Each structure stands twice: as structure tokens, then as C-alpha cells.
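Q: Provided herewith is a single structure, encoded as C-alpha cells, for subsequent inquiry.
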Amino acid sequence: MRSGTLARTAAALALTAALMQACTPMSSLTAYPASVPEWGLVHASGGVYQDRALSAYVNRVGLALVEAAGQSPGGWRFLVLDTPDSNAFSLPKGRIYVTRGMLALANDEAELATVLAHEIGHAVSGDAERALSEHDRRAAELRADRLGMSYLEAAGYDARAQVDFLRTLLRNHRLAGERSATAAGGPDHPALVDRLAIASREAADAPPGRREHAAYLAAIDGLAWGSGPAQGIVRGKTFFHPDLGFAIDAPPGYVLSNRADAVMAAGPRGAVFLLDSVPNPGSNPEDYLAHHWVPEIGKGIIAEPISGLRTTRLNGLLAAQGRLVLRGDHSERVADLTVIRLGDRFYRLTGLYQAGDKTGEQVLAKASVSFRKLGRTEASAIEPLHLRVHRIVAGEDVVALAEAMPVKAPRRTFDLLNGLTPGTALQVGDEVKLVVR
């Protein structure tokens, strides 16, 4: 969730399946058509990452690949997006974006080039210029892989970098809890396992090429990791937003996801918790809930009249609460709604669960009342994470080094970030990426 304009998510209450899909991390390599506004994609993807040196480095690598592809470099531009999601996409007229989350996963310049070359392949093929069927989009992904590998070789990179990076993406999905590589790839993307198998065959006889490990690590040293203060920061089961000045606890057993437009937590039995915000239109929370938010929700679904509408205070903040019963074809769902006034915004909290699910009702209610204002001291103490390049020294305990990282599954994350398999022995002088405060 970013400070500034936050998209309205109430319409998502119409379909729980859509809510669940919105919680899936993006990590596909995508070509968007010209009909999709560029500013909307950039905003939804965190905006442009503010690091001139890194931006220049990525652009330089991209332009060299453009020339290797036989294209004129004029008009092409490569930019880094400020989001932890692992994603890259191409737009018409040679505009290619890669997220800092994708940069964190790459281990050398050749792997970065793999991502950019794939997107150049989409652009050269005109995939972003026309509407494609699902079947055509899947074929376009494989074509972009093949073209990308040829551009890697033409630019002097090791084509096996594509294999290594696809393997890293697959490991990243598994670490993130995806149940299948097919789901991770998306409905219009070939499964990562299939792409990996094809790339492995095609790279088997490729000539040796350069990787530029040290140069790449120098370029990304200090790269932001995870969400930053402008998007909000997840620490354990608590979501902190230092810039907007609030914190909220996720329900126990729920998977917390910080999106560009909302904070979402998915739980058992299809229960969902949502938080987003809108500018205060000049009303009080109860009036807004009853006369603005509920009618907005009602446009997309069949609902009974709101019940239990009341004004209250939550942790000293003026708030309003109410309940909607949403009717589906074969079931009923309950949406417990809370509006909290903080500063010049209304924060909207939705607990959505199956009718009769008392456990879901209780844990979602507890999460809603955990919303609280952050004091300046508490907000300033929340430090964002970043990557630091570390050189292994004699006698160093690498396991302890990895386990000290302030992330979930630190050892697996360490191996993932550094392209290591379990049990890989590091040597004195080797450089590795660490997540630090």
C-alpha cells in the first residue's frame, strides 16, 4: 500500500476468487498492450526506483542487448520499478521495466540480461502492439525466451544464465509458498518447469560467455529489500506504514500480502481481510460507511441492508462499523466493515468470511480493532531492509551469517539470493548478498 492515491478495492468483494487471485505475487515476464495506460502500470508497480547509478547500469545493459538484437538503440529505455515483486514487462515503443525484486534475485549481469533480453524479444515480436489470445500469449513467452537467448549469445553473455535464472524464479515461487509452477507462471504463461526444460536443452551446446558477477553485485549493493516506508513494511504479522503513520496486525494464520492498492490477508475457509484508504470526502466515518461505501459495494453484488451500524472509537480514533450479508448462488458471505478516520483519509477495513464461520468472525474482528496510530518515535524506529554485498573471510560461520538475516526462512532465502544449493561450500573471498537493516 503506497502513500498517496490508493485504489478502491470494495468492488473486489463481489468475487472472493478475484480477491484470492489478487494476493498471488507477480513474477511473470509480461508484455502489456498499448491500450494499458503506462502511468497506471508504473504506479501500480511502485513507481520508478530512485537510484541513478543503478538505473544507468540497467539501461546500459539493456541498450547493448538492443544492439545485439539488430535494433537501433534510439527510443529504447530501461527503468527499474520500486516494488519487491519479481516482475518485468515491456510496453510499446521500446519501454521496458524491471522491478527491484527481480534485480535482487539475479546473481550476475548475464542473469539481468536474461530478463531484459526476454522483454526485448516481446518488443521485437510486437507482442505489446496487438491483442493476443491465451494460446498466442503462451507461445509468445516461449518465443521471447528463444529470442532472448539468442540476444544473450550475440552480446557475449553465457546463454546458460537463462537456465540459472529460470531455476531461481522457480525456487522463489516455491519459497513464497506457491503450490505449482504453473500457477506461478499465470494462466497465460507456460509453466516455469516447462520453460526451464526447454531453455536447458537449447543452452546445452551454447559457447562459453561472460557472467560479470562482481560488476553486478557492485551495482545492486544497497538495493532496497522488501517493502519500504512509502509502501508500508511487514514485520512478522504486523503491517507498519511509517509514512502514513499507522500499524495493524494480521489475523493469526493468515498470509499477509502488501499490494500497491491494498493490504490483504488470506486465511482459512476462504476468509479474507482487506485494508485500503480513500480521501475523506468531508463526512464522518458512519456517514461515509452508510452513504458512500455500502452503495459502492452494492453496485457489484446482491446484499442485504447494512446492519449493526454504529459509531465508535478504536484506539482513540473515530470509527464506524457495520455488517453486510452478501448473497451468492449457493452460499452467503458476511462482510464486516470498519471505517477509521486518521488525518485526511478514511481507512477501510473489510473482514470477509462464510456465514456461520464464528472463528473467522472473531479473528477478523480482532484484526480490525488492532488498527492504531504510530507515534513519531515508533515510526522512525522502523528501519527498512536492504541488500548488502559481503565478502567471506577466513573462519567465518556462513550458516550463522545466513541465519542472522531478518527475514522469514533466512537460510533458504540466503541460498536463493545467492544461487546456492543446500550444502554448497563458500570459499574465502567469495561475495554474497545479505539482507540487513
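Here the sequence shown stands for residues -22 to -1, 1 to 415, where the numbers follow mature numbering (1 follows the signal peptide of the UniProt record, and there is no 0).
Where is the CB? At the ideal position from N, CA and C, for every residue including glycine.
None of these values were measured; they are calculated from a predicted model.
Can you name, in chain order, every residue of its own chain whose Cβ lies under 6 Å from the Cβ of V376, other than the five neighbours on each side?
A: The sequence position of residue 376 within the sequence shown is 398, counting from 1. Excluding sequence neighbours, V376 sits near L404.
Q: Count the CB pairs spanning the region 354 to 370 and the region 329 to 346 that are closer than 8 Å, and state whether there are at least three.
A: no
Q: Have a look at I98, A197, N293, A298 and flag the residue whose alpha-carbon is nearest the alpha-carbon of S285.
A: Numbered from 1 along the sequence shown, position 307 holds the residue referred to as residue 285. The candidate whose alpha carbon is nearest that of S285 is A298.
Q: State the DSSP-derived secondary structure class of W203, mapped to helix, strand or coil.
A: By 1-based counting over the sequence shown, the position of residue 203 is 225. Reduced to three states, the DSSP call for W203 is strand.
Q: Starting from K411, trace the alpha helix (DSSP H) in both directions and tell me its first and last residue.
A: Residue 411 sits at position 433 when you count from the first residue of the sequence shown. Note, K411: premise wrong, no alpha helix (DSSP H); beta strand (DSSP E) at 409 to 414.
Q: Identify which residue in G231, A154, M80, D183 has its Cα closest to the Cα of N65.
A: The residue given as residue 65 occupies position 87 in the sequence shown. N65 has its Cα closest to that of M80, out of G231, A154, M80, D183.
Q: Leaving out five residues before and five after T160 in sequence, what residues of the same chain have Cβ atoms less than 6 Å from its Cβ?
A: For the purposes of this step, residue 160 is taken as the residue at position 182 of the sequence shown. With a pLDDT of 47 at T160, under the threshold of 50, the modelled position of that residue is not reliable, and the figure given next carries that caveat. A169, listed in sequence order.
Q: Does the region 241 to 251 come into contact with the region 341 to 351, if we say contact requires no fewer than three beta-carbon pairs (one atom in each stretch) closer than 8 Å?
A: yes
Q: Which class does D105 belong to by DSSP, given the choice of helix, strand or coil?
A: In the sequence shown, counting from the first residue as 1, residue 105 sits at position 127. D105: helix per DSSP, three-state reduction.
Q: Do V317 and W271 count as a contact pair if the criterion is CB distance below 8 Å?
A: What you label residue 271 is simply residue 293 of the sequence shown in a count that begins at 1. What you label residue 317 is simply residue 339 of the sequence shown in a count that begins at 1. In this structure, V317 lies closer than 8 Å to W271 by Cβ.
Q: Do G397 and D142 count as a contact pair if the criterion is CB distance below 8 Å?
A: Counted from its first residue, the sequence shown places residue 142 at position 164. Counted from its first residue, the sequence shown places residue 397 at position 419. Yes, Cβ-Cβ distance for D142 and G397 is below 8 Å.
Q: Check whether the region 384 to 391 touches the region 215 to 232, taking contact to mean three or more Cβ pairs, one atom from each stretch, closer than 8 Å.
A: Too few Cβ pairs lie closer than 8 Å, so no.
Q: For the region 92 to 101 against the region 63 to 77, are there 3 or more C-beta pairs whose distance is under 8 Å?
A: yes
Q: Just mark A374 as buried or exposed, buried being the case when its beta carbon has 16 or more other beta carbons within 10 Å.
A: Here residue 374 refers to the residue found at position 396 when the sequence shown is read from its first residue. Here residue 374 is Glu; the residue named in the question, Ala, does not match the sequence. Its Cβ having fewer than 16 others within 10 Å, E374 is exposed.
Q: Closest by CA to H21, which one among Q209, H269, L412, P246?
A: On the sequence shown, position 43 is the one that residue 21 refers to. When only C-alpha atoms are compared, the closest one is Q209.
Q: In whole angstroms, give me the CA-to-CA distance for E274 and P259.
A: As a position in the sequence shown, residue 274 is number 296, starting the count at 1. As a position in the sequence shown, residue 259 is number 281, starting the count at 1. E274 and P259: Cα-Cα distance of roughly 14 Å.
Q: Pairing CB atoms from the region 359 to 374 with CB atoms from the region 193 to 204, are three or more of them under 8 Å?
A: yes
Q: Cα separation between V303 and G338?
A: For the purposes of this step, residue 303 is taken as residue 325 along the sequence shown, with counting starting at 1. For the purposes of this step, residue 338 is taken as residue 360 along the sequence shown, with counting starting at 1. The alpha-carbon atoms of V303 and G338 are separated by roughly 14 Å.
Q: What number of angstroms, rounded off, separates the C-alpha of P185 from the C-alpha of G126?
A: Here residue 185 refers to the residue found at position 207 of the sequence shown. Here residue 126 refers to the residue found at position 148 of the sequence shown. In a straight line, the C-alpha of P185 is about 15 Å away from that of G126.
Q: Hey, out of T399, A84, N150, L342, whose CA is closest to residue 431's CA?
A: This structure does not reach residue 431, given that the chain is present from -22 up to 415, and the question cannot be answered.
Q: For a quick check, are the C-beta atoms of D335 and R247 less than 8 Å apart?
A: Taking the sequence shown and counting its residues from 1, the one referred to as residue 335 is at position 357. Taking the sequence shown and counting its residues from 1, the one referred to as residue 247 is at position 269. The answer is yes: Cβ separation under 8 Å.
Q: Who pairs with G126 in a beta bridge, going by DSSP?
A: By 1-based counting over the sequence shown, the position of residue 126 is 148. Looking at the DSSP assignment, G126 forms no beta bridge with any residue, so it has no partner.
Q: Report the partner residues of E310 according to the DSSP bridge assignment.
A: Residue 310 sits at position 332 when you count from the first residue of the sequence shown. Per DSSP, R305.
Q: When you compare each of V371, S255, A177, E89 to T320 by their alpha carbons, which one comes out closest?
A: Translated into the one-based positions of the sequence shown, residue 320 becomes position 342. In the sequence on display, residue 320 carries Leu and not Thr. For the residues V371, S255, A177, E89, the minimum Cα distance to L320 belongs to S255.
Q: Let me know the secondary structure DSSP gives K386 once reduced to three states.
A: If you number the sequence shown from 1, residue 386 lands on position 408. Correct three-state label for K386: coil.
Q: Per the DSSP calculation, N236 is bridged to which residue(s)?
A: Against the sequence shown, residue 236 aligns to sequence position 258. Answer is V241.
Q: Would L379 pass as a contact of R415 if the rule is Cβ separation under 8 Å?
A: Taking the first residue of the sequence shown as position 1, residue 379 is located at position 401. Taking the first residue of the sequence shown as position 1, residue 415 is located at position 437. No; because the gap between Cβ atoms is not below 8 Å, this pair is not in contact.
Q: Measure the alpha-carbon distance for Y194 versus I176 and round it to whole angstroms.
A: Taking the sequence shown and counting its residues from 1, one reaches residue 194 at position 216. Taking the sequence shown and counting its residues from 1, one reaches residue 176 at position 198. Rounded to the nearest angstrom, the two C-alpha atoms are 26 Å apart.
Q: Confirm, please, whether the CB-CB distance from A88 to R179 is below 8 Å.
A: The residue labelled residue 179 in the question sits at position 201 within the sequence shown. The residue labelled residue 88 in the question sits at position 110 within the sequence shown. Cβ distance not < 8 Å, so R179 and A88 don't count as in contact.
Q: Would you list the one or two residues that DSSP bridges to T146?
A: Numbered from 1 along the sequence shown, position 168 holds the residue referred to as residue 146. Its beta-bridge partners do not exist; DSSP assigns none.
Q: Excluding the five sequence neighbours on either side, which residues of its own chain have a C-beta within less than 8 Å of the C-beta of G206, listed in chain order?
A: In the sequence shown, residue 206 corresponds to position 228, counting from 1. Here the set comprises D60, P362.
Q: For G53, count neighbouring Cβ atoms within 10 angstroms of its own Cβ and tell me buried if that reaches 16, exposed if not.
A: Stepping through the sequence shown from its first residue, residue 53 is reached at position 75. With fewer than 16 other Cβ atoms within 10 Å, it is exposed.
Q: Taking Cβ positions, are V406 and A372 nearer each other than 8 Å?
A: Position 428 of the sequence shown, counting from 1, holds the residue named residue 406. Position 394 of the sequence shown, counting from 1, holds the residue named residue 372. The answer is yes: Cβ separation under 8 Å.
Q: Can you tell me which of the three DSSP states R329 falls into?
A: Against the sequence shown, residue 329 aligns to sequence position 351. According to the sequence shown, residue 329 is Gly rather than Arg. Three-state result, G329: strand.
Q: Start and end of the beta strand (DSSP E) containing V212?
A: If you number the sequence shown from 1, residue 212 lands on position 234. Unbroken beta strand (DSSP E) run through V212: 211 to 213.
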